[in-house]
Amino acid sequence: MVGMGNGRRIGGISISLLSCNCNSNNYLVFPSSVKLKSAAVFGVSLPNPNPWAGVAVFTTFPFRAANDSKNKKVAKAKATSARVGVGMGLVKEKRRTRSNKDYDYESIIQQQQSSHIPVMLGEVLDVFSSSRTITSFVDCTLGAAGHSSAIIRAHPELKLHIGVDVDPSALAKARAHLNSLLHGQAHPHLKTHTFAKNFRHIKSVLGQIDENILRSGVDAILMDLGMSSMQVNNPERGFSVLGDGPLDMRMDPQASLKAEDILNSWPDAEVGRVLREYGEESNWHLLQNKIVQARLRGGLHSTGELVDLIQSVTPGMRGRRQGWIKTATRVFQALRIAVNDELKTLESSLHACFDCLAPGGRLGVISFHSLEDRIVKQTFLSIIDHNREDAEGNEEELRNIRDDNINETWIRQIIQGWNGKILTKRPITPSAEEERLNCRCRSAKLRVIQKI
């Protein structure tokens, strides 16, 4: 690797331009005295048998040699190995834990009685492992009962199952699935209860079954915040950008507010706020103006009309991964969150669910976009209050406590608090195989908290 000029500082960042070749395995090999923060590679056609020969631009920061005895601690750094692909890319570590769980797609399909495939099923079973005794389980987002049925199969000792879902059509399918499962298997001591309610009412649901459950708590609670395939594939629900249907987007058909009401009746500034905050859409102001203009022509009344409006103001390709369908997905997400008040409901529900856990009980949450995941992460930290003065030991020691979780290989790093511990310092994401076979799972993130 031959340097082409000295490093130059631009905006506080040291920039180096290097001419480089890859080794036989198509990996860049960096000098031991250089530590990379990111790298961009520009492929060029050269008379060289290695197709990845080219010019690389690196951002670096000062790094002293490891043989300097006074700076051995500074020399300890994360290994950087960047595989070079076609074109230009950045070397960036994703702050997540990729699941290495085997994904048995055929087995999962055979066990389901609907088109919906439960996301990260193997990982959920690990969280509520069969090595742990679970006598009570609450599924806060029952859906088609995919996760619930797997938990019931894995835990013959289960005595109480509670399923909650705000969507009555999903609840009807779940009840049929559970009845079929229990009829064909020996669970003589298992009692199941299903409720057509939002999970924010979990305390009243448990109290309705038995006041003693509220006092003693339950062993396991699961929240899957994603949309089910049954909902997305039904254009009459208004959730899909690919199907033409009414602008509804209500999870609870009994609710009064629809997406159509927001687009045609809410103040201009509120429409813009929804697109900006809930959809994280950079083009929100232009979309807001177009939506307001559409009101003068009778308004928007179908998902097809909304998609047409989005296509009219969005270039076909804006960057490699952008385009109208990305914008439409963000707009639909924003409207769905506003219609169902999802974010405010989520935070309060996380606190309520943790309160309902028995000592040693676990709450697992699968989120599907950054807004949800951020709330889950921050709420978990708030719940355990790991900076509290009466927590024993220093923070660095507490983060690596394993105690009774020593045999659970999926646990990498723990954040310990005074009343609970977060078992996923970084969220677990689906395995590469699951992402390949079920593309709708690709943005899923699983976080777990355990009560002490």
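Numbering of the sequence shown is given in the working numbering, commencing with residue 21 and proceeding in unit increments.
For every residue, glycine included, the Cβ atom is placed at its ideal position computed from N, Cα and C.
- Comparing alpha-carbon positions, the option among Met250, Gly381, Arg462 and Thr449 lying closest to Ile472 turns out to be Gly381.
- Following the DSSP letters along the chain, one finds Gln274 in no beta strand (DSSP E), marked with neither H nor E.
- The alpha-carbon of Lys179 is positioned some 25 Å away from that of Gly440.
- Secondary structure within the segment 212 to 242: not one fully enclosed beta strand (DSSP E) run of 3 or more consecutive residues is present.
- By the C-beta density criterion, Arg257 is buried, having at least 16 other C-beta atoms within 10 angstroms.
- Here DSSP, grouped into helix, strand and coil, assigns Ser332 to helix.
- Comparing alpha-carbon positions, the option among Gly163, Ala192, Asp185 and Met271 lying closest to Val359 turns out to be Met271.
- Under the criterion of beta carbons closer than 8 Å, Val186 and Asn218 qualify as touching, at roughly 5 Å.
- Following the DSSP letters along the chain, one finds Ala378 in no alpha helix (DSSP H) but inside the beta strand (DSSP E) bounded by residues Leu377 to Ser387.
- At the C-beta level, Leu201 and Ser387 stay beyond 7 Å of one another.
- Closest in C-alpha terms to Asn199, from the list Thr155, Pro255 and His181, comes His181.
- Thr155 and Leu306 have their C-alpha atoms roughly 53 Å apart.
- Distance from the CA of Ile431 to the CA of Lys445, rounded to the nearest whole angstrom, comes to 9 Å.
- Phe259 and Arg356 do touch by the CB rule: their CB atoms are close to 7 Å apart, below 8 Å.
- From the listed residues Ile434, Asn427, Val294 and Gln353, the smallest Cα separation to Leu401 is found for Ile434.
- The residue from Glu325, Ala452, Gly292 and Val385 with its alpha-carbon nearest to that of Ala354 is Gly292.
- Taking a cut-off of 8 Å for Cβ pairs, the segment 282 to 291 and the segment 221 to 237 do not touch, as fewer than three such pairs fall below it.
- By the Cβ criterion, the segment 463 to 471 is in contact with the segment 391 to 398, since at least three pairs of Cβ atoms, one from each stretch, lie closer than 8 Å.
- Counting along the chain, Gly440 sits inside no alpha helix (DSSP H); it lies in the beta strand (DSSP E) bounded by residues Gly440 to Ile442.
- Out of Val294, Arg460 and Met243, the CA that lies nearest to the CA of Ser168 is found in Met243.
- Straight through space, the alpha carbons of Arg235 and Asn254 are spaced by roughly 41 Å.
- Judged by their CB atoms, Thr449 and Arg220 are not nearer to each other than the 7 Å cut-off.
- Taking C-alpha positions only, Gln251 is separated from Ala164 by approximately 11 Å.
- Straight-line spacing of the CA atoms in Met140 and Asp239 works out to 20 Å.
- For the pair Ala279 and Leu262, the CB atoms are not nearer than the 7 Å cut-off.
- Under the DSSP definition of a beta bridge, Ile469 partners with Leu383 and Ile442.
- Rounded to the nearest angstrom, the gap between the Cα atoms of Cys160 and Val333 is 39 Å.
- For the pair Trp438 and Gly343, the Cα-to-Cα distance works out to about 46 Å.
- Judged by DSSP in its simplified three-state form, Phe259 adopts coil rather than helix or strand.
- DSSP places His305 in the uninterrupted alpha helix (DSSP H) bounded by Trp304 to Arg315.
- Residues of the same chain with a CB within less than 7 Å of the CB of Trp304, apart from the 5 flanking positions on each side, are Gly292, Leu295 and Arg296 in chain order.
- Excluding its 5 nearest sequence neighbours in each direction, Pro379 has C-beta neighbours in its own chain below 8 Å: Gly237, Lys471 and Ile472, listed in chain order.
- Cβ neighbours of Ile241 within its own chain (closer than 6 Å, five residues either side excluded): Val158, Cys373 and Leu383.
- Asp264: not part of any alpha helix (DSSP H); DSSP gives it neither H nor E.
- Contact annotation: Ala174 and Leu210 have beta-carbon atoms that are not nearer than 7 Å.
- In the three-state reduction of the DSSP assignment, Leu180 falls in the strand class, which pools E and B.
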